[in-house]
Structures are given as structure tokens and as C-alpha cells.
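>
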Amino acid sequence: MAPTPVRAQVDISGSVALQSEYRYRGQNPGKGSAVPQVTVNVDGVSGWYLGGFASAMTIGDLDGYKLQGYAGYARRMRSGGSWEAGCSRITYTQAHNTDFSECYAGLSFERGSTRIYYSPKYLGFPARTVYAEVSAFYPVHPRFNLIAHAGVLYNLSEGYWAGIPTSSRIDARLGVGIPFGNWTAQIAREYVQDDGRRYISYPVHPPKSWSFGFTYAF
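Going by my numbering, the sequence shown opens with residue 7, and the numbers climb by one from there.
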């Protein structure tokens, strides 16, 4: 019998990037040197997806990698855009005591998205946290886009843990993305509220700084 073509059931995409420094929710845990990053996504036609992210990073003076795996479900809405929900596991090769899991839900539209995350043991501590974020971009010109991000980390538990705010901490980013082919160059101004609650061994960085990055999408 002649072979029958079968429609692909999954779509694989991802990116490789070089960032001027590693930041997570506004904070830099290391020396501020450039880091390579890789992201791979696998999307199913039914709405299920999974993926992984890896980034070189330092925690204090300890070199290593952040590894993140995630899985979830996304669905398009009649009004446009889509909703999603999923969970992820984050591990640090040089400090496994800070590994943690969280679940999230969010909405995505043509020019922006919003997500809310919940972790029952943030960074391995017995602290329940919620992180809410909004990201958006605006195509000012075919050659560049304005990009913006704002997030806030809430501590739902009582007690003191290094790096976890007493009540909340704000972070923000405003910048420009310049696409050319599959590549995108980005420059942004970063801000994180300095509440003095740094993670163990984190060096002191100014609350405002510039960041740069180059990303290749496939």
C-alpha cells in the first residue's frame, strides 16, 4: 500500500541566547557576567505542551546552571488570545537546597501576556509565594519594538528567609527589541526594589542597571 501522509502532531520550537547578565525576577545572584541560555518547546495540536530552559549562572561565587522543566495546557478563546495553566520544576546544579516547584496560570494576547505563579516552598524555604507579572510589546517600526515587563513577588508566609521579601518586591523592565531575520537584539533598563532581603551569598547590585541580549529563534 502507498504510504499515507500523516499530519504532524507536535511542533518543536526554541531559542538560543546570550544575555549580558542572568536575572530572575529582577535580581542578579552572581557577578553580572554574560551567560548563554537555551529554550526548547514542544507543542501538541490538542493544546498540551512541555519544554525546558537552561542558563549558565553563578550564585555568589559558585558557577553552575539553572535548569527548568515545565508542562501545561493552552487553549484559544473565542474573543482572541489564549489561556494556559501548568507547572514547572526549577533546579540549580550548584545549590540543590534551593530547588523548588511552582504552578502558574495566565492569559496571552497578540501584544502581551500576564501570568500568576504559586510556589509552596519558594527557593527551598518553607515560604508560600505568589508572583504576578505582565509583559507587553509595541511595534513602533518594522525594525524595532518597545518592550515592557512588570512583576511583583508576594510572601504569603510569616518568618524571615534570605531573598524573600517580608511582604512584596517589585521588578520592572523597559527596553527596545530589534529583530533581523531569526535574530533579535535587545537593550533594556532594569529595576528591582531593594528591600535588603538578598539571597545567601548574593553580591550587592544597584537597583537600576542596563541589560543587553542577542537571541536566535528556531
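Where is the CB? At the ideal position from N, CA and C, for every residue including glycine. Quick caveat: nothing in here was measured; it's all calculated off a predicted structure.
1) Distance check for V16 and Y28, CA to CA, integer angstroms please.
2) Looking only at its chain, what residues have a beta carbon closer than 6 Å to the beta carbon of T120, apart from the 5 residues adjacent to it on each side?
3) Kindly indicate which three-state DSSP category H155 falls into: helix, strand or coil?
4) Could you pull the start and end residues of the beta strand (DSSP E) that W54 belongs to?
5) Are the CB atoms of L299 and T99 nearer to each other than 8 Å?
6) Among L73, N188, E116, R31, which residue has its Cα nearest to the Cα of S85?
7) Candidates N151, E164, G118, P148: which alpha carbon is nearest K127's?
8) At what residues does the beta strand (DSSP E) containing F106 begin and finish?
9) Could you pull out every residue in the same chain whose Cβ sits closer than 6 Å to the Cβ of D177, ignoring the five residues on either side in sequence?
10) Taking the alpha-carbon of P185 as reference, which of P171, D201, I153 has the nearest alpha-carbon?
11) Whose CA, out of D201, A142, G38, lies closest to the CA of A168?
12) Three or more C-beta pairs under 8 Å: does that hold for the stretch 46–54 against the stretch 63–74?
13) Between S173 and R134, what straight-line distance do the alpha-carbon atoms span, to the nearest angstrom?
14) Taking only three categories from DSSP, how would you classify N161?
15) Nearest to Y110 by alpha carbon, out of F59, E196, Y137, T97?
16) Would you kindly work out how many angstroms separate the C-alpha atoms of L159 and G187, rounded to a whole number?
Concretely, from the data shown:
1) If you number the sequence shown from 1, residue 28 lands on position 22. If you number the sequence shown from 1, residue 16 lands on position 10. In this structure, the CA atom of Y28 is about 31 Å from the CA atom of V16.
2) Position 114 of the sequence shown holds residue 120. Counting only residues of its own chain and dropping the five nearest sequence neighbours on each side, T120 has a CB closer than 6 Å to the CB of G112, L113, V140.
3) The residue you call residue 155 lines up with position 149 of the sequence shown. Annotated three-state conformation of H155 is strand, per DSSP.
4) Residue 54 sits at position 48 when you count from the first residue of the sequence shown. 54–65 is the span of the beta strand (DSSP E), which, as asked, contains W54.
5) As shown, the chain starts at 7 and ends at 224. That puts residue 299 outside it, with no answer to give.
6) Along the sequence shown, read from residue 1 onward, the residue named residue 85 stands at position 79. The residue with the shortest Cα to Cα distance from S85 is E116.
7) As a position in the sequence shown, residue 127 is number 121, starting the count at 1. Ranking N151, E164, G118, P148 by Cα distance to K127 puts E164 first.
8) To locate residue 106, count along the sequence shown from 1; it is residue 100. Per DSSP, F106 belongs to the beta strand (DSSP E) from 106–115.
9) The sequence position of residue 177 within the sequence shown is 171, counting from 1. Answer for D177: R31, G32, G157, V198, listed in chain order.
10) Against the sequence shown, residue 185 aligns to sequence position 179. The residue with the shortest Cα to Cα distance from P185 is I153.
11) For the purposes of this step, residue 168 is taken as the residue at position 162 of the sequence shown. Ranking D201, A142, G38 by Cα distance to A168 puts D201 first.
12) Too few Cβ pairs lie closer than 8 Å, so no.
13) As a working note, residue 173 is residue 167 in the sequence shown. As a working note, residue 134 is residue 128 in the sequence shown. Going from the Cα of S173 to the Cα of R134 covers about 11 Å.
14) The sequence position of residue 161 within the sequence shown is 155, counting from 1. Three-state DSSP puts N161 in a strand.
15) Taking the first residue of the sequence shown as 1, we reach residue 110 at position 104. Ranking F59, E196, Y137, T97 by Cα distance to Y110 puts Y137 first.
16) Locating residue 159 in the sequence shown gives position 153, counting from the first residue. Locating residue 187 in the sequence shown gives position 181, counting from the first residue. Taking the CA atoms as reference points, L159 sits about 35 Å from G187.
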